[in-house]
Each structure stands twice: as structure tokens, then as C-alpha cells.
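Q: Numbering (the working numbering), first residue to last: 428 to 692.
Every residue gets a Cβ at the ideal spot worked out from N, C-alpha and C, and that includes glycine.
(1) Using a 10 Å radius around the Cβ and a threshold of 16 neighbouring Cβ atoms, would you call residue 683 buried or exposed?
(2) If we ignore side chains and look at the alpha-carbon of each, how far apart do residue 678 and residue 542 end up?
(3) Taking the alpha-carbon positions, what's the residue 675 to residue 474 distance?
(4) Is the beta carbon of residue 536 less than 8 Å from the beta carbon of residue 515?
(5) Go through its chain and collect everything with a Cβ distance to residue 706's Cβ below 7 Å, but skip five positions before and after it.
(6) Spell out the partners DSSP gives residue 614 in its beta bridges.
(7) Within the chosen definition, does the region 570–584 reach the region 602–615 through at least 3 CB pairs nearer than 8 Å?
(8) The alpha helix (DSSP H) with residue 553 in it runs from where to where?
(9) From the DSSP output, which residues share a beta bridge with residue 665?
(10) Quick one: residues in its chain with C-beta nearer than 6 Å to the C-beta of residue 631, no 5 flanking neighbours on either side, listed in chain order?
(11) Compare the beta carbon distance of residue 487 and residue 660 with 8 Å and say whether it is the shorter of the two.
(12) Give the DSSP-derived three-state secondary structure of residue 674 in the structure shown.
(13) Applying the criterion that 16 or more other CB atoms from any shown protein chain within 10 Å of the CB defines a buried residue, is residue 578 buried or exposed?
(14) According to the Cβ coordinates, are residue 652 and residue 667 closer than 8 Å?
(15) Under a three-way DSSP split, which group does residue 633 fall into?
(16) Evaluate residue 563 with the Cβ neighbour count: other Cβ atoms within 10 Å of its Cβ, from every protein chain shown; 16 or more gives buried, anything less gives exposed.
(17) CA-CA distance, residue 509 and residue 614?
(18) At 3 residues or longer, what runs of the beta strand (DSSP E) sit wholly inside the region 465–491?
(19) Among residues of its own chain, excluding the 5 on either side of residue 478, which ones have a beta-carbon nearer than 8 Å to its beta-carbon?
(20) Do you know how far the Cα of residue 533 is from the Cα of residue 654?
(21) Go ahead and label residue 692 buried or exposed: buried means 16 or more other beta carbons lie within 10 angstroms of its beta carbon, across all protein chains shown.
(22) Please report the straight-line C-alpha distance between residue 464 and residue 491, rounded to a whole angstrom.
(23) Please report how far the alpha carbon of residue 570 lies from the alpha carbon of residue 626, in whole angstroms.
(24) Cβ of residue 628 within 8 Å of Cβ of residue 595?
Put into C-alpha cells, the structure is as follows:
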């Protein structure tokens, strides 16, 4: 493990302990929604959820559960999986306790059924986000798909193209009081890409669980970049080396990480 990753893990220790006490990390019994945004259903029980694969180049740091269905455990690569005796789930040094990894071929308990439900809820959430009334005026095709040094107010933003973020991007709540309930929905019919060593910044009380990125194509986040929000991708989500996100990665194909930090909001 490199010195940079060791330092990253050390800095997350406090955050891990806070998330253990405050986040709903269990795979069952916690049907969840987000205020005024997109209903995630049981997909909210996973910080990473995908259909075909979830891979990591060690060492990533994941705070929350990882789910994979309908593909089997063979699709969980790079995790050095440790099987539990009842075959309900796996643990990994890269997933902070009490988070676990679940695959469709875990035969213990109700894991397979729970995953099938969560995948269905993920697809429903994607459709719901895509179906929100499109952005109008300056919120329609903003920047022609290139967001350079933008500060964005709450609302629905729509693009009929790829979206590229070459600089830092700020999402600012209307006021510090309203920020925790303000919602951003980004509807993107193409790809979403963010350059290396940049950040999505939340201000004025904005919360990552109220930011939704609905993307019809591949999502690519650059190395050393920090992202915020819930990514609902119709295809793949790729995070570069030493990247990070406060949010969720919900992909209808695969999720790939490279020494990435993923923190449940």
C-alpha cells in the first residue's frame, strides 16, 4: 500500500466511525428515499450497485454496501473477498465494517432476492430521473455541454449531448437554511466526464444525497478528482486513480474503481 493511500485511509477513520452510527448500511429492511428528489427504494441500501461487475485496483476505501446482480461473485474483482460461513455475503479489507459485498449467487439468507429487488429499484429510479420535466431556459443545454467554472442553483438541468466538466463545479443551495432540502437533477443523454484533479463542491447547505446524475452513457471521473451525488448510469461508471465520491454509484452495467474512496451520504 502506498504512502498516499495509507494517509487517505487514516484521514477517513473518523468519517468511517461517524457513518457506522448514522448510515443505513444493512442490505434489508431499510427502504429509503430522498426528500424531494428521486426515490431510490432498496437501491439506497448499497453505496455501489451494478449488474455485470464491480472491480477495484487496490486499495480502494468503500464506506457502505456493495451489490452485484444478476452476475455472480466472479464479477467482484480485486477485492480479495472473504466469504462468510453462511454464504450470505463477503467482507473485504477495502470495505469498511459494517459494510459488506453481496452477489447474486450468495445462497444464504435472502441475498439473491434482495439484490433482484434493489436492481429493479435502481432501474425505476433511473427512469424516474430521466422522466422529470426537462430543464428550461439557462438550464437546458447549459454551456453546450461544457461546464467551465460554473456555480449551479438547484433545479433540473438537461442536455441532449455529452457533458464535460473541465474545471471545479459548485452546487450552491438557495440559502444555508434551504440547502439541505434543495435538489439538483442532471439529465444527460450522452456521456459524463470530469477532468483530473478537479472537484464538485457543495455550498450553502447542499447535500450529496439530493444531487442526482442521470446519465445514458458512460461516466468517467478523472484521477484525483472528487465528485458529489448519486450517479444513476445506464451503462458503466469509471473512477480514476485516487478519485473519491460522497454519494452512490448505481450502474446498469459495471463500476470500476482505482484506489477510489466511496462514501455513503
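A: The answer reads as follows:
(1) buried
(2) 13 Å
(3) 5 Å
(4) yes
(5) Given that the chain is displayed from residue 428 to residue 692, the structure contains no residue 706 and the question cannot be resolved.
(6) 585 and 641
(7) With a cut-off of 8 Å, the region 602–615 and the region 570–584 count as touching, because enough Cβ pairs lie within range.
(8) 538–557
(9) 647 and 683
(10) 599, 600, 603 and 606
(11) no
(12) strand
(13) exposed
(14) yes
(15) coil
(16) With fewer than 16 Cβ atoms within 10 Å of its Cβ, residue 563 is classed as exposed.
(17) 38 Å
(18) DSSP runs (the beta strand (DSSP E)) wholly in the region 465–491: 475–477, 480–484 and 488–490.
(19) Only residues of its own chain outside the window of five on either side were considered, and among them 495, 496, 497, 498, 546, 678, 679, 680 and 681 have a CB closer than 8 Å to the CB of residue 478, listed in chain order.
(20) 31 Å
(21) buried
(22) So the alpha carbons of these two residues sit roughly 21 Å apart.
(23) 18 Å
(24) yes
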